[in-house]
Each structure stands twice: as structure tokens, then as C-alpha cells.
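Chains as they are written, first to last, in the working numbering: chain A, 1 to 441; chain B, 1001 to 1306.
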Amino acid sequence: MFESLSDKVQEAFRKLSGKGRLSETDVKTGLRDVRLALLEADVNYRVVKDFTDRVAERAIGEGVIRSLTPAQMVIKIVHEELISLLGEPAKLDLGGTPPVVLMLVGLQGSGKTTMAAKLAVHLRKLGHRPLLVAADTYRPAAIQQLETLGRAIDITVHSEGDRVAPPRICRNGVDRARREGYTAVLLDTAGRLQIDDTMMSELESIRELTSPRECLLVVDSMTGQEAVAVAEEFNKRIGVTGLLLTKVDGDARGGAALSARSVTGVPIKFMGSGEKPTDLEPFYPDRLASRILGMGDMLTLIERAEATFDQKQAADLERKMRSSAFTLEDFIEQLHAVKSMGPLNDLLEMIPGMSQVTKQLPSDATERGLKTTEAIISSMTIQERRAPRIINASRRRRIARGSGTSVQEVNNLLRQFEQMQQMMKQLQSGRGMRGLMPRLR
Amino acid sequence: MLGLRRNKIEDGVERTRQSVFGRIANLFRTNEITEETWDELEMLLIQADVGIATVAELLQIVRESSAERGLRRPEEVRDLLKQGLVDLLQGSQHTYLEGERLLNVVLVVGVNGSGKTTSIAKLARYHKERGDRVLLAAADTFRAAAIDQLQIWAQRVGVDVIAHQPGADPGAVVYDAIRAAQARSANVLIVDTAGRLHTRHNLMQELAKISSIARKQVHRAPHETLLVLDATTGQNALNQAKMFAETAGVTGVVLAKLDSSAKGGMVFAIGRELGLPVLFVATGEQPDDWAPFDAVSFVNALFGEA
């Protein structure tokens, strides 16, 4: 699971222990790669230092020095400490007399408006009647953006144009919610820099006028070292109660979340993972920890696979495999399903240790391989797909011509398919695909 | 005008001076360079998002050459460091829209929320001030109200926008906009595209398609493809630049939101690893918060010596 980072740490400790008994300094030196991994993930320098100090202390306390496998122990401690620092997932606080007010704040472009729409959909699923309030009167068309989103998800948006002061719009919105029986109010405030005093005071007055139950800081997962300063200042001025991490569908390692979490001490509540109003994910500390350490994200991969392949298909497939009736036709169907899970390189990157491999490949190499395979199979007749045995030399030449490939490539594919069938025969005795899945977890 | 713009940029940079890079300048106000100085320097550069690999290489070069030349005085080492930083950026400079042509097509791309639309307004104004006839293409047909946002900006700056309905094919918008630009004899067409994460394969392919549509209409278009980067972005900026360069053929970077407390140290890594030049910096929400990028004054300003 911990390939790349753990290899590095192992190597470091191997060198150190070669000198004999490990000293405390040696342990600290051995943690260098952990430190680099965290910095590469954009975890703030100060946070990294505190973190590695704590890991070193625990490692020494737990006898890493005398351990025969110091590297493994250190990696385990790192992972555990990281998970505990990221904190438990927390739900939104929706208590008190309705309407409950939730206020979204953050830098420009962090994703507040999209997040507000996603939360509104989520609250509706929980049985609430949410009202969105358009309080960004500064950015051109920000109000139209929220109104358009509101129409798309069928949720009312309270707006008063861009001539009314945002604190007033917010208070009016809450009053309206009370009058019209909305149970939750989401305030979409304008993006602002934490160093802009006037704009920060505006947030203070919104908070005073509306007494929000939650002040949620929206943090872009691609943020760098400044995440600390941003979170610190927002927290100081308005008292942040939770973090929302956005754009996690990108490939940023998301160290900003750890930075923001460790300076504010408030929980991460949700993660935004796309542009659709339903692209909202709960926060799982163990997954984010692996991601920050660059150790892949197997769980997300498995979840995506489960969402793509339905139970019935899986059962059919399993039956076919057991009876050796798996043909090239089934194979191409599987390829289509895999393709619909997203770009292959993205999928590969979720597999621990593969991120380094995919970096070496040209960005479309794997995708190209899939296309070639698809083209070759598409150039076969139905009989050939069902019984590849009948594919003789002249058929191979025809298939190669038809798919724009070479006879060699056709041969390769047929050989691979044969190996696959062999493997499946071996699987027959044991358990099928479904049997394999839980083991991956 | 230029003076005003420059001041705004300096204001933006001023904040950094007080934070990270200002402390770098202070670091060199001591009597001698010790091991601690180097450690402190490493920490400060990392905090400016310069990135570990770049910092490590830079410091090694500076250390080695100061030892070679027997430099002892802190100012000399500081100048060496500044030169190192400038070199990272300057290896890759090119003149924006170099050469004469009837119609210049500028494609603007970036991830969601990086500041594309605002940057386009500023770029449009910049061209207008220089006497260009500017037209905008609203090819972000995806995000809610993106077209309205561009239209409001265009009105403020005083340029026209060619737009279709939300959800329309961005390629068709670009096609029409080029035709319109030719008919109106505009000489600069700036294309706004939808924000997209560089990991979304299909959306990235769409950019390649937009470019190829432009190229079929106008010789060698787009003549610049600008990647807008948010200055608060961390190490992921390098991945962004890499992917956008590969699929969309980015020719230069616009460093936006430089008025934040972050300073966009990742442009050094982008220069070092990808050789992509920074062409403009943007600092605020006013149309004139915009300036052509100059590596020497950028680094000077970062050291508080503008």
C-alpha cells in the first residue's frame, strides 16, 4: 500500500542502521523523506515541522530505535498521526430553531457558489427546505450564476441585485426564510482576500446580523503554503466552524486541507469533486491521508468500479468466467465499462505506486492501447470473437488491415486473451470476481 | 498610465516583501552567511511555494558558485540568489504576440476559479489602450452565467463580445467570433474558455479542438494561448501548466491574484521545468490592475528593491 514513500523511508533507515544502533538524531534524519512528501503535497512548512517533531517523539517513545523494522513502524506512525490530525468526519450542525443559517466564505475562485448549490441539494435530501442567498454583489454576474444554478436544481434563490449591501441582503434572506417556512439558509458571500480589512469587516457584520450556525471556509484543494494564513485570518475574524475542500477531482495532493485544519482545529465537513450539483463527497480522513502522502487512493477506485459495474453484470460475468464462456465480445464490453470510469491514467494514479509509473508514460499511451485493442476486436467477425481459435493467418492479416494495426499487434492481443482465459480457469476452482473484491478492501 | 499600473503591481508585491521575501532580504542584512542562514533561506523559499526541487537546486547552485568565487559578503550571495531566480524565469521569455498580422487570436485557458474572465477584461483593456481593435469570444458556454460575467466586463472596458446561448458548442462560438472579427477588421480576438481541471481528459481535448478550429480560420492561430494561474496555488500549478501545455499548447502564463498574500513562487518551477514564460501579472479587481511581466523587476520587487 505504501510503496513510494515507504520505499524511501526504508532506504533511509537501512543506511542509518548500517552504522549500528539508531540514535534519536538518526530517527529524525530518517524522517526527512516524510517531511519532503508533505511539503510536496503543499502542507505548510510550520505544520510539517510540528508534525514531524511529533512523529519523531512518538517513534522514539515507542522504541523505533530498537526495532528491527524501524521504517515500517515509522510509516505506520506517520499514517496514524496524519489521520488523527485530519480529524473525524463531522456532520453539518443543523440544530437550533429553524431557519438554520449556514454561511460560506473564502478566497476568490475557491468554489463557494458551486459548493452552496451542492449543499442546498444535500440539505434537501436530508428533508430540509433550503433557501440560497446571493450575497456576492461585487463579482460581475455572480448573482446570475447562483440564480441559474438555483433554477437548475429547483431551489429558491433570494437576491436583491447588486445595489444593496450584502449584510442587508443576508438579513432579509433570513427574515424571508422565517416568513416563508424555509428551514435552512445558505449565504453565498463574495470571495475576498483575508488581508482585505474592509471586506473582512463586512463578513463580521453579516455574522452579527444573521447568527449563522455554521461559518464554513471553502478551501481550494490546490492552495499552496498560504492556506495557513488564509484559514488563520478567516478564523480569527469570523470564527470558522468547518472546512469545505473543493476541486478534489483534480490531482492536487490536498495538503492545504491539513494546513487549514491544523491551524483552525475545526473539522473538514465535505469535499467537492466536480461541477455537477451532486458532486459532493463525505470526507474520509484515511483516504485524504494516503493522498497527501502520495500513496494512492484505492478506495475511491473501488467505489468508482462498483458504481460502474452493476451487480447483475458482475454476476453474469462471473458465471461466464466460471464456465469458460468468456469471449472477446465480453472482453470488449469490459473495456467499454472501464473506459466509462474515466481516463485510464487517472485510474492508474489511484493505484498505490502507479503514480510514478504513469508519469513516465506519455499522457495518452494507456488510452491509445485501449483504442488499439478496441479497433482490433471491432474488426473481427462475430464468429471470430466468440471462437478466437478459428483466427488463422489470413484472418489475422485481414483483421490487422481492418483495424489499421499490424499482424504482430493482433497476435499480441490474441495471446493476452488466451492468458486471460487460462487465469480464469485457475480462478474457477477458487472464488470469482465478486470474491476478489472484498479482499481488496 | 504605465506608472500607475506599475505602482499597483508594486503594492501587490509589497505585501510579500513584508512577509516571505522581505524576510529573505533581512536575512542578508547580517554580517556573515552561516549554515543557519541557508536553512532559513530554504524555509522561506518553500513558504513562497517555490517548491522543494527548485529550492534545492537553486540553493545548491548559489552555494557552489559563492564558494567557487570565494564570496563572503552577504550582499554578494544575495545578488547571486537573485540572479539565480531571474535565470529560472528568463530562460524562457518571449515577446507577447511578436510579429505583425491582420488578426491576433489569443486563447485564454485555466482551471476553475483561477481568474480567467477577470484577466480577459484586463487584457482587453491593455490592448485597447495600445490602440488595438479588440473583440471577445464568450466560449465558456458551460458555467452558469459565465457569458453574463464576460459581457458585464466587456461593457466596463468598452469592447464587444460575440456570444451564443449557454450550452452552445464553444467551437462554434470561436468560429463565429473569428468571422465577426474579420468582418469588423478587429485585430485582436480574445477567447474566454470554460474553467477545467487539467485531469479531465475530455475537457482538455475540447481545448485542442477549439485551437484547431481557430487554426483553420486564421493562419497559425491561436497566436498566444495564455494559462491563467492563481497565485495562491501550490505545487499543483506545475501539473496544471504541464497538462495545459501538452494538450492546449500554452505559450505563456498569466499570474493572477498577485495582490493576495501568496506570491506565486511556483512560476519559478514552471520556468525551470517547462520553460514556460510568465507574460503578465494581475493584481486586483480593477481593469487596470494588470502589467506585462518583467523577470528582473519581479525578483527585485520580491526583495523589496523595486
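Cβ atoms here follow ideal geometry from the backbone N, Cα and C, with glycine treated the same way.
Everything numeric in this text was worked out from a predicted model, so none of it was measured.
Cβ separation of residue i and residue j, assumed to be a contact under 8 Å, to the nearest whole Å
i	j	result
L245(A)	V219(A)	6 Å
K1122(B)	D1289(B)	7 Å
S1119(B)	A1256(B)	5 Å
T156(A)	L132(A)	7 Å
T405(A)	I376(A)	6 Å
V1173(B)	A1139(B)	5 Å
T264(A)	V230(A)	Not a contact, Cβ separation roughly 10 Å.
A190(A)	A135(A)	7 Å
S1212(B)	I195(A)	Not confirmed; about 42 Å, so no contact.
Own chain residues within Cβ distance below 6 Å of residue i, not counting five before or after
i	result
F270(A)	L244 and L280
L1002(B)	A caution first: L1002(B) carries a pLDDT of 35, below 50, which makes its placement in the model unreliable, though a value can still be read off. Contacts found: none.
A1180(B)	I1162
R396(A)	V407 and V410
L1081(B)	V1062
A260(A)	V219, A227, A231 and L243
L1088(B)	F1268, G1271 and R1272
V78(A)	V34 and V55
K1128(B)	V1134
D1049(B)	G1234, G1265 and M1266
Residues near residue i by beta carbon distance below 7 Å, same chain, minus five either side
i	result
A1208(B)	T1247 and A1248
P388(A)	L328, L414 and F417
R1005(B)	The pLDDT assigned to R1005(B) is 44, lower than 50, so where the model puts this residue is not dependable, and the model offers no usable value.
A56(A)	V27, K28 and L31
V9(A)	G30, D33, V34, A71, V74 and I75
P1166(B)	T1141 and I1147
H1198(B)	V1111, M1204, N1239, Q1240, M1243 and F1244
L16(A)	L22, D26, T29 and G30
P282(A)	P89 and F270
V1055(B)	E1042, L1045 and I1046
D1176(B)	I1162
Whole-angstrom distance between residue j and residue i, CA atom to CA atom
i	j	result
L216(A)	G242(A)	5 Å
M433(A)	I332(A)	Summary for M433(A): the model assigns pLDDT 43, below 50, so the residue's position carries little reliability; its value from the coordinates is reported in the next sentence. Taking the straight line joining both Cα atoms gives about 17 Å.
A59(A)	S23(A)	11 Å
I233(A)	D197(A)	Per the sequence presented here, residue 233(A) reads as Glu, with Ile not at that position. Distance between the alpha carbons of E233(A) and D197(A) is about 10 Å.
I1270(B)	Q1182(B)	35 Å
N1202(B)	V64(A)	48 Å
V1077(B)	V1062(B)	7 Å
A142(A)	Q108(A)	11 Å
K118(A)	K276(A)	8 Å
M1(A)	V74(A)	Residue confidence for M1(A) is low, a pLDDT of 31 falling below 50, so the modelled location carries little weight; the figure read from the coordinates is stated next. Distance between the alpha carbons of M1(A) and V74(A): 15 Å.
L1238(B)	I399(A)	42 Å
L335(A)	Q145(A)	38 Å
N412(A)	D316(A)	27 Å
E1064(B)	L39(A)	24 Å
V266(A)	L86(A)	10 Å
D7(A)	R1156(B)	56 Å
Q1235(B)	I391(A)	51 Å
G1091(B)	V338(A)	42 Å
E374(A)	R1196(B)	28 Å
L1051(B)	E202(A)	The amino acid occupying residue 1051(B) in the given sequence is Gly; Leu does not appear at that position. Near 35 Å, if we compare the C-alpha coordinates of E202(A) and G1051(B).
N1031(B)	D50(A)	30 Å
S394(A)	R401(A)	11 Å
P166(A)	G61(A)	53 Å
Beta-carbon spacing of residue i, residue j below 8 Å
i	j	result
Q1083(B)	A1295(B)	no
D93(A)	R213(A)	yes
A41(A)	G254(A)	yes
A256(A)	S290(A)	no
A1025(B)	F1303(B)	yes
I1178(B)	A1124(B)	no
G250(A)	G111(A)	no
A90(A)	H128(A)	no
V1134(B)	A1186(B)	yes
D175(A)	T137(A)	no
G1252(B)	P1277(B)	yes
Cβ shell of residue i (< 8 Å), same chain only, five flanking positions each side left out
i	result
I382(A)	E329
G95(A)	R213
D1192(B)	V1108, K1116, T1117, I1120, L1136, A1137, A1138, A1139, D1140, A1146 and L1150
Which complete alpha helix (DSSP H) runs does the segment 1015-1059 of chain B hold, if anything under 4 residues is left out? The qualifying runs are 1020-1027 and 1035-1047.
For the segment 1252-1279 of chain B, list the alpha helix (DSSP H) runs that are entirely contained and at least 4 residues long, ordered along the chain. 1266-1274
Considering only residues of the segment 235-298 of chain A, which uninterrupted beta strand (DSSP E) runs meet the minimum length of 3 residues and lie entirely inside it, listed in chain order? 242-246, 268-272 and 280-282
For a minimum of 3 consecutive residues, which ranges assigned as the beta strand (DSSP E) are wholly contained in the segment 116-199 of chain A? 130-135 and 184-189
Could you name each continuous beta strand (DSSP E) segment of 3 residues or more that falls completely within the segment 1156-1234 of chain B, going from the start of the chain to the end? 1160-1162, 1188-1193 and 1224-1230
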